[in-house]
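Protein chains in written order, with our numbering: chain A, 5 to 354; chain B, 5 to 354. In what follows, a structure is listed as structure tokens, so that the remarks can point back to it.
2 protein chains.
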Amino acid sequence: MSPIEKSVARETASNISRAGKPTLKTIAEMTGLAITTVSRALGNAPQISESTRRRVHAVAAEIGYLPDRAAQRLKTGRTNVISVLLDPHEEILGFGTSIMHGLARALQATSYHLIVTPNFLDGSNVDAVNYIIRNGMADGLIFSRTEPFDPRVRLLLENGFPFVTHGRTEFSTPHAFVDYDNFAFAYEATKRLIAKGRRKVTIILPPRRLTFHQYMLHGFMTAVREAGVSYEIADALDLDSPADMIRDYVRRRSAEPDPPDGYTCPGEVSALATITGMSDNGFTLCAEYDIVAKQTSRLLSQIQPKVETIYEDLPAAGEAMGRLLLRRIAGENAEDLTMLLGPQFGFPTP
Amino acid sequence: MSPIEKSVARETASNISRAGKPTLKTIAEMTGLAITTVSRALGNAPQISESTRRRVHAVAAEIGYLPDRAAQRLKTGRTNVISVLLDPHEEILGFGTSIMHGLARALQATSYHLIVTPNFLDGSNVDAVNYIIRNGMADGLIFSRTEPFDPRVRLLLENGFPFVTHGRTEFSTPHAFVDYDNFAFAYEATKRLIAKGRRKVTIILPPRRLTFHQYMLHGFMTAVREAGVSYEIADALDLDSPADMIRDYVRRRSAEPDPPDGYTCPGEVSALATITGMSDNGFTLCAEYDIVAKQTSRLLSQIQPKVETIYEDLPAAGEAMGRLLLRRIAGENAEDLTMLLGPQFGFPTP
DNA sequence: GGTGTAATTTAAAACGTTGTAAATTTCCGA
DNA sequence: TCGGAAATTTACAACGTTTTAAATTACACC
Chain A
5 MSPIEKSVAR
15 ETASNISRAG
25 KPTLKTIAEM
35 TGLAITTVSR
45 ALGNAPQISE
55 STRRRVHAVA
65 AEIGYLPDRA
75 AQRLKTGRTN
85 VISVLLDPHE
95 EILGFGTSIM
105 HGLARALQAT
115 SYHLIVTPNF
125 LDGSNVDAVN
135 YIIRNGMADG
145 LIFSRTEPFD
155 PRVRLLLENG
165 FPFVTHGRTE
175 FSTPHAFVDY
185 DNFAFAYEAT
195 KRLIAKGRRK
205 VTIILPPRRL
215 TFHQYMLHGF
225 MTAVREAGVS
235 YEIADALDLD
245 SPADMIRDYV
255 RRRSAEPDPP
265 DGYTCPGEVS
275 ALATITGMSD
285 NGFTLCAEYD
295 IVAKQTSRLL
305 SQIQPKVETI
315 YEDLPAAGEA
325 MGRLLLRRIA
335 GENAEDLTML
345 LGPQFGFPTP
Chain B
5 MSPIEKSVAR
15 ETASNISRAG
25 KPTLKTIAEM
35 TGLAITTVSR
45 ALGNAPQISE
55 STRRRVHAVA
65 AEIGYLPDRA
75 AQRLKTGRTN
85 VISVLLDPHE
95 EILGFGTSIM
105 HGLARALQAT
115 SYHLIVTPNF
125 LDGSNVDAVN
135 YIIRNGMADG
145 LIFSRTEPFD
155 PRVRLLLENG
165 FPFVTHGRTE
175 FSTPHAFVDY
185 DNFAFAYEAT
195 KRLIAKGRRK
205 VTIILPPRRL
215 TFHQYMLHGF
225 MTAVREAGVS
235 YEIADALDLD
245 SPADMIRDYV
255 RRRSAEPDPP
265 DGYTCPGEVS
275 ALATITGMSD
285 NGFTLCAEYD
295 IVAKQTSRLL
305 SQIQPKVETI
315 YEDLPAAGEA
325 MGRLLLRRIA
335 GENAEDLTML
345 LGPQFGFPTP
């Protein structure tokens, strides 16, 4: 077919955009090219001449062509989907949402969609992971709250499935992760309490089975030992305990002899609960005791007197996880895809 | 092929589960049936004999067959996906997450997946809706914070695309929605303030462009007029204002003459900000002034003295939206799919 | 034992894309 | 002017499912 004939064919076919949405076929008819060529041109394959490449791109843009994800997925086996495991414990203070926004930012300009796989109410998180691997529901996975020998991580490693965790593990095989330096947080927070003159510090730790329990404890103990102050650790409760339980515990403990006068609170709600529990017994923040808390939202800046805080930037963590996961999917080595985010002092001005 | 031959064929083929995951073909080979028959049997089509139906189901379960979503989607045009538009304003107190958990519960036993379409940082939410409609990215849509003549709703109605909003609109064409009775909330909250003896009430309203601004205002004004107390409305700020701004406003206003002594707070963070602003000026909650706040989490029960609250059950709203959307997708009439959830007094015991 | 009808099962064609292998065109140097 | 290699384009076959229409089998009745 000569260039002139082609051009005629184009005029003829481009009368009305058909009922359904445009496909490669539509463009093929409009340009007089073969479907394969159009596909190639759009994919910027090397063997397509620059002129047709341009022409195809122009037509595609004009009619608002977007490839059918289902067909692509069927053919290539790639889903263009990244799945986030939503943990029920993340709901209180928008942890999930913060991370999600960061993730969204990372995936913004890519063709990836974000799908949320909530905790199966009955089964464990491992089932969800298994389901996703087995049925190829996503190209990559993101989740948080890792355990030292997290079964989800083990499963993913065994299957060579791309993922990024929020939190480290202790597997010898490296994997991509983003973590917050909770050692630094606890160390710094506790040091600050001591600097304020507090002489018996305490901390509300994450559940023992989670990896960051260790780091947190270690940071706390390091500060304690360096300063030689006394301390105690409440092992009847943890950060996942309902706020009421934390409040009740603090209230009870502060009524007993020799109560702590410095609290390291790695959670906003637990900080609030602590303040409430203390004030129930007539203790005043900054006067009789102090708190240094982890801050992930603007919540704590709303209460009086101001609680001293150390910031953890969750949207940044989300964005980092997104970027690392994309690189992991692209084939980069897992051991090069790790990231430890330091605590930031003071809430960044927006 | 005789039954015996079939049975032999089955034995022969079931030696090893092939490399890839099982497909209809796998089952067809194992049972000696045609692919079509297997598809029908799994779909419980009427013309399949009970015996083969059972046999196919058994084999499918045995080898853990799950239909390929991409192929189904390509063939049928249905995506089996429900998309949630995530609004940036929803991040503070896990609104998004709460709703999401409810939604997840509603979709639990269905084949639907939940995909999150975050606000496109640049474009408006309308672009996202348009994108989803045009490219058939989902079978149904869920979003919140409706305006009286919400352009998203208009677009969806024009295209006959199934959706459920959180919040009402004023279009004459009915559409599915779940809403919280904010009139009842504001009316009840304000009445309580008045019952406590407060004589000048005020309210922090949602942004004027959102539908529930009207309901909230109406409820507030009704209580005010019935009791004949005085009131004022801060129109320099709204519920979306940063907490610091609310706090500063309250602080400034309470230092001026004739300040309000009763606050209706339709948001948890704004309630906190109000308390802080007031206490900055030496006003004590329950003594010099009162607050009745909307409660969507256990946050407010953590501060002292207890703020009186009226509950809004967001997970329940999410679940309701999910169920309504499924029915809408199934073809039910939109006008039958509306739901107004009443305020509940006191936090339900879990 | 045939015949018609109902009950089951089946082959073949799509859905829109990409990969393989082959066909066509273009271009260069002899 | 002609081979032949390089450049460009193409046809066809998948991917796994559902749908349409047709084929086969079973069943009842005369």
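The beta carbon of each residue, even a glycine, is placed where N, CA and C say it ideally should be. Predicted model only: the values in this text are computed from it and were never measured.
Residue i - containing alpha helix (DSSP H), residue span
i, result
"B:Pro-319", "318-333"
"A:Gly-281", "272-284"
"B:Met-141", "Here B:Met-141 belongs to no alpha helix (DSSP H), and DSSP marks it neither H nor E."
"B:Val-88", "Run containing B:Val-88: none in the alpha helix (DSSP H); it sits in the beta strand (DSSP E), 85-90."
"B:Tyr-219", "215-231"
"A:Asp-252", "247-259"
Between the CA atoms of residue j and residue i - distance to the nearest angstrom
i, j, result
"A:Gly-266", "B:Leu-318", "36 Å"
"A:Ala-277", "A:Asp-248", "7 Å"
"B:Glu-323", "B:His-105", "8 Å"
"A:Thr-41", "B:Ala-74", "24 Å"
"A:Thr-288", "B:Tyr-184", "38 Å"
"B:Glu-162", "B:Pro-155", "10 Å"
"B:Tyr-219", "A:Arg-229", "58 Å"
"B:Gly-326", "B:Gly-81", "21 Å"
"A:Thr-253", "A:Thr-313", "The residue asked about is misnamed: residue 253 of chain A is Tyr in this sequence, not Thr. A:Tyr-253 and A:Thr-313: Cα-Cα distance of roughly 22 Å."
"B:Met-225", "B:Arg-149", "22 Å"
"B:Asn-48", "B:Ala-32", "16 Å"
"B:Ile-295", "B:Val-311", "6 Å"
"B:Gly-350", "A:Leu-160", "Confidence in B:Gly-350 is poor, its pLDDT being 45 and thus under 50, which makes the residue's placement unreliable; the coordinate value appears in the next sentence. Taking the straight line from one Cα to the other gives about 44 Å."
"A:Ile-52", "A:Leu-46", "10 Å"
"B:Ile-279", "B:Arg-255", "9 Å"
"A:Met-292", "A:Leu-214", "Looking at the sequence shown, residue 292 of chain A is not Met but Glu. Cα to Cα, the separation comes out at about 32 Å."
"B:Gly-24", "A:Gly-140", "11 Å"
"A:Leu-303", "B:Ile-250", "13 Å"
Residues that residue i contacts on chain A, provided the C-beta gap is smaller than 7 Å
i, result
"B:His-117", "Ile-119"
"B:Met-330", "Before going on, a small fix: residue 330 of chain B reads as Leu here, not Met. Neighbours of B:Leu-330 on chain A: none; closest Cβ ~16 Å, over 7 Å."
"B:Leu-70", "Asn-139"
Assumed close pair residue i, residue j - CB separation to whole angstroms, cut-off 8 Å
i, j, result
"A:Ala-108", "A:Thr-121", "Wrong, their Cβ atoms sit about 16 Å apart, outside the cutoff."
"B:Leu-37", "B:Val-168", "Not confirmed; about 40 Å, so no contact."
"A:Thr-177", "A:Phe-153", "At roughly 11 Å, the Cβ-Cβ gap does not stay under 8 Å, so A:Thr-177 and A:Phe-153 are not in contact."
"B:Ile-137", "A:Ile-119", "B:Ile-137 to A:Ile-119, Cβ: 19 Å. No contact."
"B:Glu-236", "B:Pro-261", "Contact doesn't hold; Cβ gap of about 12 Å is too wide."
Within chain A, the residues that residue i reaches when beta carbons sit closer than 8 Å
i, result
"B:Pro-298", "Pro is not the amino acid found at residue 298 of chain B; the sequence shown has Lys there. Correct list: empty, because the minimum Cβ distance to chain A is about 16 Å."
"B:Arg-397", "The structure shown has nothing for residue 397 of chain B, since chain B only spans 5 to 354."
Close-in-space but distant-in-sequence residues of the same chain around residue i (CB under 8 Å, 5 per side omitted)
i, result
"A:Leu-243", "Ile-208, Leu-209, Pro-210, Pro-211, Pro-270, Gly-271 and Ser-274"
"A:Asn-357", "Since the first residue shown for chain A is 5 and the last is 354, residue 357 of chain A is missing from the structure and cannot be characterised."
"A:Phe-189", "Met-220, Gly-223, Pro-270, Lys-298, Ile-314, Glu-316 and Pro-347"
"A:Ala-259", "Asn-285"
"B:Leu-345", "Val-182, Asp-183, Tyr-184, Asp-185, Glu-316, Asp-317, Ala-320, Ala-321 and Ala-324"
Contacts that residue i makes with chain B (C-beta to C-beta distance below 9 Å)
i, result
"A:Lys-25", "Arg-138, Asn-139 and Gly-140"
Chain-order list of residues whose beta-carbon lies under 6 Å from that of residue i (same chain, five-residue window excluded)
i, result
"A:Ala-231", "Ile-198"
"B:Ile-333", "Asp-143, Gly-144 and Pro-166"
"A:Glu-316", "Tyr-184, Lys-298 and Thr-300"
"B:Asn-186", "Phe-216, Tyr-219 and Met-220"
"B:Pro-26", "Ile-67 and Tyr-69"
"A:Leu-125", "Note that A:Leu-125 has pLDDT 48, beneath the 50 cutoff, so the model's placement of it is unreliable and the number below is only indicative. Answer for A:Leu-125: no residue qualifies."
"B:Leu-28", "Ile-39, Val-42 and Ser-43"
"B:Tyr-191", "Gly-223, Thr-226 and Ala-227"
"A:Ser-102", "Leu-318 and Pro-319"
"B:Gly-281", "Arg-251, Val-254 and Arg-255"
Endpoints, beta strand (DSSP E) assigned at residue i
i, result
"B:Gln-299", "294-299"
"B:Pro-155", "Careful: B:Pro-155 lies outside any beta strand (DSSP E), inside the alpha helix (DSSP H) at 155-163."
Chain-ordered neighbours of residue i on chain B, where CB pairs are closer than 7 Å
i, result
"A:Ala-75", "Leu-78"
"A:Ala-108", "Pro-122"
"A:Arg-212", "By Cβ distance, chain B contributes nothing, its closest Cβ being about 23 Å from A:Arg-212, past 7 Å."
Cβ shell of residue i (< 7 Å), same chain only, five flanking positions each side left out
i, result
"B:Val-63", "Ile-31, Met-34 and Thr-35"
"A:Ile-8", "Note that A:Ile-8 scores 32 on pLDDT, short of 50, meaning its location in the model is unreliable and no value can be drawn from it."
"B:Ile-96", "Since pLDDT at B:Ile-96 reaches only 48, below the 50 mark, its modelled position is unreliable, and the value read off the structure follows with that caveat. Contacts found: Val-273."
"B:Val-157", "Thr-150, Thr-169, Thr-173, Phe-175 and His-179"
Contact set between residue i and chain A, taken where Cβ atoms lie within less than 9 Å
i, result
"B:Arg-302", "Ile-96, Pro-246, Ala-247, Asp-248 and Val-273"
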